[in-house]
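Trainee: Chains as they are written, first to last, in this note's numbering: chain A, 1 to 235; chain B, 236 to 432. Every residue gets a Cβ at the ideal spot worked out from N, C-alpha and C, and that includes glycine.
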Amino acid sequence: MSEAIYSPRDWSSHPGYIYPSYRSTLLRGPTKPLIHLKQSLSTLTGPVYGHDSVGELDADLTRNGRKNGEPLGERIIVSGRVLDENGRPQPDTLLEIWQANAAGRYVHRTDQHDAPLDPNFLGAGRSVTDKQGRYRFHTVKPGAYPWGNHHNAWRPNHIHFSLFGPSFLTRLVTQMYFPGDPLLELDPIYQAVPASARHRMISQFSIEDTEPEFALGYVFDIVLRGRNQTLMESR
Amino acid sequence: MAKLGQTPSQTVGPYFAYGLTPEQYGYDLGRLADGTVVTASAKGERTRIEGRVLDGEGNPVTDAMIEIWQADGEGRYAHLANPHRPDTTFTGFGRFGTGTDPSNRFIFETVKPASIDGKHAPHINVIVFMRGMLLHAYTRIYFAEESALNEKDPVMQSVPPERRATLLAQRAQSAAEVLYRWDIHMQGEAETVFFDV
Numbered sequence: 001m002s003e004a005i006y007s008p009r010d011w012s013s014h015p016g017y018i019y020p021s022y023r024s025t026l027l028r029g030p031t032k033p034l035i036h037l038k039q040s041l042s043t044l045t046g047p048v049y050g051h052d053s054v055g056e057l058d059a060d061l062t063r064n065g066r067k068n069g070e071p072l073g074e075r076i077i078v079s080g081r082v083l084d085e086n087g088r089p090q091p092d093t094l095l096e097i098w099q100a101n102a103a104g105r106y107v108h109r110t111d112q113h114d115a116p117l118d119p120n121f122l123g124a125g126r127s128v129t130d131k132q133g134r135y136r137f138h139t140v141k142p143g144a145y146p147w148g149n150h151h152n153a154w155r156p157n158h159i160h161f162s163l164f165g166p167s168f169l170t171r172l173v174t175q176m177y178f179p180g181d182p183l184l185e186l187d188p189i190y191q192a193v194p195a196s197a198r199h200r201m202i203s204q205f206s207i208e209d210t211e212p213e214f215a216l217g218y219v220f221d222i223v224l225r226g227r228n229q230t231l232m233e234s235r
Numbered sequence: 236m237a238k239l240g241q242t243p244s245q246t247v248g249p250y251f252a253y254g255l256t257p258e259q260y261g262y263d264l265g266r267l268a269d270g271t272v273v274t275a276s277a278k279g280e281r282t283r284i285e286g287r288v289l290d291g292e293g294n295p296v297t298d299a300m301i302e303i304w305q306a307d308g309e310g311r312y313a314h315l316a317n318p319h320r321p322d323t324t325f326t327g328f329g330r331f332g333t334g335t336d337p338s339n340r341f342i343f344e345t346v347k348p349a350s351i352d353g354k355h356a357p358h359i360n361v362i363v364f365m366r367g368m369l370l371h372a373y374t375r376i377y378f379a380e381e382s383a384l385n386e387k388d389p390v391m392q393s394v395p396p397e398r399r400a401t402l403l404a405q406r407a408q409s410a411a412e413v414l415y416r417w418d419i420h421m422q423g424e425a426e427t428v429f430f431d432v
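#1: Taking only the alpha-carbon atoms, compute the straight-line gap between B:G248 and B:D307 and give it to the nearest angstrom.
#2: Identify the residues that DSSP records as bridge partners of B:F378: which are they?
#3: Along the segment 21–37 of chain A, what residues have a CB closer than 9 Å to any CB found in chain B?
#4: Are three or more beta carbon pairs between the segment 308–326 of chain B and the segment 174–192 of chain A nearer than 8 Å?
#5: Could you round the C-beta distance between A:T45 and A:F168 to whole angstroms and report it? I think they count as a contact, below 8 Å.
#6: Using DSSP with H/G/I as helix, E/B as strand and the rest coil, what is A:L186?
#7: Against chain B, with Cβ distances strictly below 8 Å, would A:S234 count as a contact?
#8: Kindly indicate which residue of A:K141, A:A197, A:L27 has the alpha-carbon position closest to the one of A:I97.
#9: Whole angstroms is fine: what's the gap from A:H36's alpha carbon to B:M391's?
#10: Identify every residue that forms a DSSP beta bridge with B:H371.
#11: On the DSSP bridge assignment, give the partners of B:M300 in chain order.
#12: Should B:S382 be labelled buried (16 or more other beta-carbon atoms within 10 Å of its own) or exposed?
#13: Check whether the segment 48–61 of chain A touches the segment 385–405 of chain B, taking contact to mean three or more Cβ pairs, one atom from each stretch, closer than 8 Å.
#14: Might you give, ordered along the chain, the residues of its own chain that have their beta carbon closer than 6 Å to the beta carbon of A:P194, omitting 5 neighbours on each side?
#15: Determine which residues of the segment 98–121 of chain A have a Cβ less than 7 Å from any Cβ of chain B, and write them out in chain order.
#16: By the criterion of Cβ-Cβ separation under 7 Å, what are the contact partners of A:H175 in chain B?
#17: When Cβ atoms are compared, which residues of the segment 163–197 of chain A fall closer than 7 Å to chain B?
#18: Quick one: which chain A residues come within Cβ less than 7 Å of B:G248?
#19: Using only CA atoms, which one of A:G165, A:D114, A:Y190, A:R136 lies nearest to A:T210?
#20: Counting only C-beta atoms, is A:G87 closer than 8 Å to chain B at any point?
#21: Out of B:I284, B:F429, B:Q405, B:H355, point me to the one whose CA is closest to B:K387's CA.
#22: For A:P166 and A:T43, what's the separation of their Cα atoms in angstroms?
#23: In angstroms, rounded to a whole number, what distance separates the CA positions of B:D269 and A:T139?
#24: Is there contact here, the segment 270–289 of chain B with the segment 339–350 of chain B, by at least three beta-carbon pairs under 8 Å?
#25: Roughly how many angstroms lie between the CA atoms of B:E292 and A:R134, to the nearest whole one?
#26: Alpha carbon to alpha carbon, how far is A:N86 from A:G148? Give it in angstroms, no decimals.
#27: Which residues in the same chain as B:R340 place their Cβ atom closer than 6 Å to its Cβ, once the five residues preceding and following it in sequence are excluded?
#28: By DSSP, does A:E96 sit in helix, in strand, or in coil?
#29: Between A:R9 and chain B, is any beta-carbon pair separated by less than 8 Å?
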């Protein structure tokens, strides 16, 4: 396996390690040049999590944290497809998500934001894509919340996504944002991504995916690194 | 055909624990993976690997998450597409957050991997995530005492000699267990080698 099976990380799509407006990158991002690693069995393989890895309620965040009632907030349906760069659906791919509740508060113990916790909302879920690469979560729309990066800093509404894809090198952690959010242009985490690629992190409102009398639909497609087509064709 | 653009990476942020490492942190959600990679049937020498993630000022990072992916003690990756996968329950995948140990270590109980082909030195593939890192970083753990294989390893060869030690886990003297220590330095003189995979 001496050739590159997967196309590389596209540096015009991803943020760099140091982005001074996001202050904590300054002491945490690597500063020396990355060393090229030839693709081999070590990176072309990866952990396997299939449909037996997720439970019945794992993709329904409006139910998986219930104690004595429904979570508060605007119910939403987040669905989409996981594709590779060549447009091929990525089946059997694990997605893990986590998010703040409708008031902008995380269950996490270190979150000190003075907004209420919701006893009926955990804010974490999992799903595995079907044969067409599709996934679907029920949740509530996360609230915005303040953070200490700079004076009057607020994170836009977002849901964290973690994906494996077919190998260790297709691993992706990203955040899904909502259309029309005025905080996006003020948010250094969002702005750290090259301008031409930022829109790929924004979900689209969809009336077709909205369920009458139930929940608004947002569509978020995710694109992972794909197999190198020229290589495939030359074989 | 025009390619679709890759979805950009974003930081895991400070609050990943209840989504990605819930049991380790005591949240009410089952785990998919944690620091215990070894299983009863796994082949290989039982091994503990521990270390810290240090920032540019040498302070331990308290909200990092480390993932490891490795072959077993017979050099086999547990991947469906791999015909030489283990015939055991060993998955080879572990995940640990640095927020629960009092000294902010990551701790993996695993087996020491063997060379996959006799040519590559035994190694563990590592991904580092944390608040303040917008893009996850890939690195590797090699084993200091495997000097003969390490010297011939093509990946080690591609690393400038003065930086190779950053990838070496040191076997510690411990009567109770096989223990390796390996710290990850995000910056500075001893900055760990990170790879463009």
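Mentor: This is what the structure gives:
#1: For the purposes of this step, residue 248 of chain B is taken as residue 13 along the second sequence, with counting starting at 1. For the purposes of this step, residue 307 of chain B is taken as residue 72 along the second sequence, with counting starting at 1. Approximately 31 Å, taken between the alpha carbons.
#2: Within the second sequence, numbered from 1, the residue matching residue 378 of chain B stands at position 143. B:F378 has B:A404 as its beta-bridge partners, per DSSP.
#3: Y22, R23, S24, T25, L26, L27, R28, G29, P30, T31, K32, P33, L34, I35, H36, L37
#4: no
#5: The residue you call residue 45 of chain A lines up with position 45 of the first sequence. The residue you call residue 168 of chain A lines up with position 168 of the first sequence. Confirmed, about 7 Å.
#6: On the first sequence, residue 186 of chain A is found 186 positions in, with the first residue counted as 1. The answer is helix: DSSP assigns A:L186 an H, G or I state.
#7: For the purposes of this step, residue 234 of chain A is identified with residue 234 of the first sequence, where counting begins at 1. Confidence at A:S234 is low in this model, with a pLDDT of 42, below 50, so its placement is unreliable and the value that follows should be read with caution. A:S234 does not count as touching chain B.
#8: Position 97 of the first sequence, counted from the first residue, corresponds to residue 97 of chain A. The shortest Cα separation from A:I97 among A:K141, A:A197, A:L27 belongs to A:K141.
#9: The residue given as residue 36 of chain A occupies position 36 in the first sequence. The residue given as residue 391 of chain B occupies position 156 in the second sequence. A:H36 and B:M391: Cα-Cα distance of roughly 11 Å.
#10: As a position in the second sequence, residue 371 of chain B is number 136, starting the count at 1. Its beta-bridge partners do not exist; DSSP assigns none.
#11: Within the second sequence, the letter at position 65 stands for residue 300 of chain B. Paired residue(s): B:G332, B:F364.
#12: Your numbering for residue 382 of chain B matches position 147 in the second sequence. That one is exposed.
#13: No, the segment 48–61 of chain A is not in contact with the segment 385–405 of chain B.
#14: By 1-based counting over the first sequence, the position of residue 194 of chain A is 194. Only S12 meet the Cβ criterion.
#15: W98, Y106, V107, H108, T110, D111
#16: Start at 1 with the first residue of the first sequence, and residue 175 of chain A comes out as number 175. Rather than His, the amino acid found at residue 175 of chain A in this sequence is Gln. Going along chain B in sequence order, the residues near A:Q175 (Cβ under 7 Å) are Q245.
#17: Answer in chain order: F168, L169, R171, L172, V173, T174, Q175, I189, A192, V193, A197.
#18: Walking along the second sequence from the start, residue 248 of chain B turns up at place 13. Simply H160.
#19: Here residue 210 of chain A is taken as the residue at index 210 of the first sequence, counted from 1. When each option's Cα is compared against that of A:T210, the closest is A:R136.
#20: Residue 87 of chain A sits at position 87 when you count from the first residue of the first sequence. Chain B contact via Cβ: present.
#21: On the second sequence, residue 387 of chain B is found 152 positions in, with the first residue counted as 1. Of the candidates B:I284, B:F429, B:Q405, B:H355, the one whose C-alpha sits nearest the C-alpha of B:K387 is B:H355.
#22: As a first step, residue 166 of chain A is located in the first sequence; it is residue number 166 there, counting from the start. As a first step, residue 43 of chain A is located in the first sequence; it is residue number 43 there, counting from the start. Their Cα atoms are separated by approximately 10 Å.
#23: If you number the second sequence from 1, residue 269 of chain B lands on position 34. If you number the first sequence from 1, residue 139 of chain A lands on position 139. The C-alpha of A:T139 is placed about 26 Å away from the C-alpha of B:D269.
#24: yes
#25: Locating residue 292 of chain B in the second sequence gives position 57, counting from the first residue. Locating residue 134 of chain A in the first sequence gives position 134, counting from the first residue. Here the alpha carbon of B:E292 sits roughly 43 Å from the alpha carbon of A:R134.
#26: By 1-based counting over the first sequence, the position of residue 148 of chain A is 148. By 1-based counting over the first sequence, the position of residue 86 of chain A is 86. Using only the alpha carbons, I get a separation of about 39 Å.
#27: Counted from its first residue, the second sequence places residue 340 of chain B at position 105. Closer than 6 Å at Cβ, skipping near neighbours: E285, R287.
#28: For the purposes of this step, residue 96 of chain A is identified with residue 96 of the first sequence, where counting begins at 1. Residue state, collapsed to three classes: strand.
#29: The residue labelled residue 9 of chain A in the question sits at position 9 within the first sequence. So yes, A:R9 belongs to the interface.
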